[in-house]
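Taking this note's numbering, the leading residue of the sequence shown gets 1, the next gets one more, and so forth. Read the structure below first, then the notes.
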Amino acid sequence: MLNIMGFNVEATHPLGLYALLALIPLIIIYLTKPKPVDENVPSISFFLKDTGLARQNAFLRRLLRNLLLLIQMLIIAVMAYSLAYPVMLLPRNMTAENTAIVIDLSASSQTAYHGSSRFERERELALDNLGARNSIIAVTNTPLLLAKDVSTEEARRLISNLKPRDTTSAIGGSILLASELISRGDTIVVVSDFSNNQGTEVAVAERIADSRGINTALFDVSSEAENTGIIDMRISRDKTALYVKNYCEAEKIITLEMENPNLANSTQQTRRIAPRSLEVYEFETLPGRTVFRLYPEDALEADNYAYLSFPAKKVARTLLITNSKKSFLENALLSSKNVRLEVARPPVIPKLEYDIVVMHEVSVDMLLPGFLRDLKNAVGNGTSLITTAQPELARLEQELLPVSVNYNLVNQTLHVNKLLVNEFTKHVDDFGMLRSYVEASAKENALTIADVTGDDNVSVPIIALGSYGSGKTVYYGILENHTDFIRQPAFPIFWSELVSFLIGQEDYASFNLRTGTRLRTDSGVTDVEKAGFYAIGEKTIAANILSEGESDVNSASSYNKGDDFVLKSGESSEGLSLTPHLILAAITLLITEILYLKLRGEL
C-alpha cells in the first residue's frame with residue numbers, strides 16, 4: 001500500500017505489478033546502444049573551432065537524451081501499475097446519515113477508567129458519533145432495542161440518561177440486531193470493552209454486517225485494571241460457599257465479610273489469593289437476607305458484593321421405626337439440621353404425632369395390633385410416610401404405599417436409573433448399582449423417581465412418590481446391604497432434601513437468581529437488571545452477577561479480537577479507482593514523447 005499526499009493507495013490485483021519487469025530490457029537497450037564516434041577532419045576543423053560552447057552544452061544534451069528514456073520509463077511504469085487496478089482510499093464520514101449505536105451496559109462497563117468509568121467513556125463516544133437518524137441498542141445479556149430511527153436530539157437525550165446494569169453481555173447479537181434496523185451504506189457504531197461476549201462472535205457479526213453493505217466502527221474502551229471478584233456461589237441448607245478469584249498479576253490479601261440480621265456482628269474471613277487464582281470462602285447458611293462484601297475495593301465494585309436470600313428453616317419432627325440397632329439411614333437423618341429425630345423399636349411405638357414417619361428394617365411380627373390403623377389415620381391427616389424396601393412389606397397395609405410389592409427378593413445387579421430431577425434428587429449424580437431389589441410395581445397415581453430395568457425390560461420402581469389422604473407417601477427401594485450409594489456424599493444430602501420436600505420447605509434455589517433473569521409476578525414481568533434484593537409479594541429474591549467473564553476486566557484478558565477484528569475510527573473509506581486516470585496519464589506521456597521526438601527532428 002502506498003501513501004500519496006496522505007491518502008492510501010492499494011493495488012487490488014498485485015500480480016499486475018509484474019509488468020514493471022518491462023523496464024529491464026528498456027534499460028539494457030539504453031546501456032548497450034552504440035555511441036557516436038567523433039572523427040577529426042582538418043578541412044572543416046576551422047568551422048568547428050572549439051569556443052567552449054560545446055562543452056558547456058554537453059550536460060544539456062545528455063539530459064535531453066535521458067529525458068526521452070525517462071518518458072519511456074514513465075509510460076511503462078504507469079501502464080504496468082494500471083494493470084494492478086489501484087484504488088485510492090478516500091475518507092468519508094460514517095455517521096452523517098442513518099446510524100445504529102450499540103452501547104455496552106454490562107457489568108464490566110462499570111470498571112474504573114481514568115477517574116471515571118468505562119461506561120462514561122462509551123457515552124462520550126456514542127454522543128460524538130450520532131447520525132441524522134439513529135437507532136440505539138443496549139448490550140446486556142440479551143440485545144435490547146431502546147429506540148429506532150430517532151432524531152439526533154432524541155438519541156442524545158436517551159444516551160445521556162442511560163445507566164450500566166449488572167448483567168453479562170451479548171455484543172455480537174446486538175450488532176446483528178443493529179444490522180437488521182438499517183440499510184446498505186448506513187453505519188453501526190459499537191462502543192464496548194468487548195469483554196465476556198456471549199453468543200455470536202463479534203468478528204462474525206461484523207462480517208455479516210459488512211456483507212450487507214453496512215459500515216461498522218468499533219470503539220474499544222478496555223484498559224488495564226486490577227480486580228478481584230465473587231464469581232460463583234454454591235448454596236446448601238447448611239453451608240454457603242463463595243468463589244473469589246484474583247485477576248491481578250500479584251498476590252492479594254482478600255477479606256470477605258458476611259452480614260445478616262440474625263448476627264449480632266458481621267463475620268469475616270481473610271485469605272491470601274495467588275495471582276490469577278481462586279479461593280473458596282465458606283459460611284453458615286442463615287435464613288433471611290445475607291450480604292457478602294469483598295475488601296479492599298478495586299477497579300470493579302459490582303462484583304465485590306453477593307446477595308443471599310434463604311427461606312426460614314423448618315425442622316421436621318421425625319419418627320424412625322426400626323428394629324435395626326444402627327443404620328446408615330439413621331445416621332443420615334441424625335446429621336440433618338432440619339430433622340429432629342426420635343427412634344422407636346417395636347413393639348414400643350409412641351403416638352404418631354409427627355411430621356414424618358420412617359419405617360426401616362421393621363420386624364413385622366413385633367408390630368402391635370392397631371398400629372396399622374393408627375398409621376393410616378396419621379398419614380390421612382397429613383403425616384408423611386417413608387417406607388424402605390423389605391420383602392415383609394407385603395404383609396403390611398399396602399394401601400399406604402405408592403407401589404405394590406411381593407415377597408420376592410431378586411438377586412441381580414442393575415443400575416438405578418434416575419428418571420426425574422426434582423428438589424430431592426438434584427444433588428444426586430448417580431444412585432449407582434443395586435445388587436438386589438424387591439419386586440414391585442408402581443400404582444396408577446404414583447410418580448416413579450428412579451427405577452431398575454431387568455432382562456425382561458420391565459421397569460421396577462426403586463423410588464416412588466404417592467399420597468394417601470392429606471399425607472405424602474414415599475417408597476425407597478435401595479437396600480443398604482446391596483448398594484454403594486450409602487457411602488456417597490450425596491446420600492445424607494438426599495435424605496435431608498427429601499425431608500425438606502415432605503414438610504413443604506421452599507426450594508432455596510428459587511430465591512436466588514442471576515441478573516438478567518425475567519421474573520413473572522401477579523402485576524407482570526420484572527427484569528432483574530441490578531444485583532440486590534427484590535420483594536415479590538411476601539417472597540424476597542436475591543440477584544447476583546456471578547460471572548467469571550464480567551469480572552475479568554483487565555485489557556490483557558479482554559475479548560480476543562483475532563485477525564478479522566479491526567478497530568476503526570469514526571470514519572470509513574471509499575475506494576476511488578485510479579486505473580482510468582493512469583491510462584489517461586500514459587496516453588498523455590506517449591503524446592509528449594511524440595512531440596519531443598518531432599522537436600528533435602527525429603520524426
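For each residue, glycine too, the CB sits at the ideal point set by N, CA and C.
According to DSSP, which residues form a beta bridge with residue i?
i, result
"F533", "A542"
"D220", "S192"
"S82", "Answer is none; S82 lacks a bridge partner."
"M233", "L242"
"I254", "R271"
"H114", "In the DSSP output, where bridge partners are listed per residue, H114 has none listed."
"G185", "Bridge partners of G185: none, in fact."
"H427", "Paired residue(s): none; H427 is not in a bridge."
"L294", "L256"
Rounded to whole angstroms, what is the Cα-Cα separation between residue i and residue j?
i, j, result
"F371", "L329", "22 angstroms"
"P287", "A107", "28 angstroms"
"L20", "E593", "19 angstroms"
"V410", "L479", "12 angstroms"
"K561", "N197", "Only weak support is given to the placement of K561: the predicted model assigns it a pLDDT of 43, under 50, and the question is left unresolved by the model."
"I159", "L145", "12 angstroms"
"N98", "D166", "30 angstroms"
"P275", "Q390", "56 angstroms"
"H482", "G432", "11 angstroms"
"E301", "L502", "41 angstroms"
"K313", "N141", "33 angstroms"
"V339", "L333", "6 angstroms"
"S557", "E201", "Interpretation of S557 is limited by its pLDDT of 38, a score under 50 that renders its predicted location unreliable; the figure taken from the coordinates is listed afterwards. If I take the Cα positions, the gap works out to 16 angstroms."
"D232", "I545", "9 angstroms"
"Q269", "S551", "21 angstroms"
Report the residue from the options whose alpha carbon sits nearest the alpha carbon of residue i.
i, options, result
"R272", "T453, A264 and Y281", "Y281"
"V189", "T200, L419, S174 and Q198", "S174"
"R600", "L83, T517, L67 and V348", "L67"
"A378", "L319, R121, A535 and K313", "L319"
"L23", "A155, N8 and L69", "L69"
"R487", "I536, V438, D430 and T515", "D430"
"A344", "I583, H360 and E120", "H360"
"P658", "T453, E120, V339 and F194", "The question about residue 658 has no answer here: the residues shown for the chain are numbered 1 through 603."
"D365", "A299, Y437 and L393", "L393"
"V221", "E444, V204, E249 and S192", "S192"
"T152", "L130, D552 and L419", "L130"
"E122", "V139, N134 and D298", "V139"
"S459", "Y468, G466 and S441", "S441"
"S183", "A126, A100 and T255", "A100"
"E423", "V405, L465 and R395", "L465"
"L127", "E154, P580, N445 and H114", "E154"
"K472", "Y305, S223, Y508 and P402", "P402"
"L590", "L26, L162 and V78", "V78"
"N323", "V499, V358 and L400", "V358"
If you count every other CB in all the chains shown that lies within 10 Å of the CB of residue i, and 16 or more means buried, which is it?
i, result
"P14", "exposed"
"S569", "Confidence at S569 is low in this model, with a pLDDT of 40, below 50, so the placement of that residue should be treated as unreliable; the coordinate-derived value is given next. Exposed."
"R520", "exposed"
"M94", "A caution first: M94 carries a pLDDT of 47, below 50, which makes its placement in the model unreliable, though a value can still be read off. The residue in question, M94, is buried, as its Cβ has 16 or more Cβ neighbours within 10 Å."
"E439", "buried"
"V348", "exposed"
"Q110", "buried"
"K326", "exposed"
"Q412", "exposed"
"T515", "buried"
"T355", "Before going further, note that residue 355 is Asp rather than Thr in the sequence given. Buried."
"T388", "buried"
"L385", "buried"
"I29", "exposed"
Taking the continuous beta strand (DSSP E) assigned at residue i, which residues delimit it?
i, result
"T142", "Segment: none, T142 is in no beta strand (DSSP E) and carries neither H nor E."
"E593", "Taken as a continuous stretch (DSSP letters only), E593 belongs to no beta strand (DSSP E), being part of the alpha helix (DSSP H) at T579 to L599."
"L308", "Y305 to F310"
"E279", "L278 to E284"
"R518", "R518 to T521"
"S404", "V403 to V410"
"L176", "Element bounds for L176: not the beta strand (DSSP E) but the alpha helix (DSSP H), I171 to L181."
"L513", "N512 to R514"
"A316", "A316 to I321"
"V204", "Taken as a continuous stretch (DSSP letters only), V204 belongs to no beta strand (DSSP E), being part of the alpha helix (DSSP H) at V202 to S211."
Starting from residue i, follow the alpha helix (DSSP H) in both directions and report where the run begins and ends.
i, result
"K376", "F371 to G380"
"G549", "E548 to S551"
"E154", "T152 to S160"
"T32", "L23 to T32"
"N331", "F328 to S335"
Does the distance between the C-beta of residue i and the nearest non-hydrogen atom of the ligand NAP fall short of 8 angstroms?
i, result
"N381", "For the structure depicted, the ligand NAP is absent and the ligand set is empty, with no information on it obtainable."
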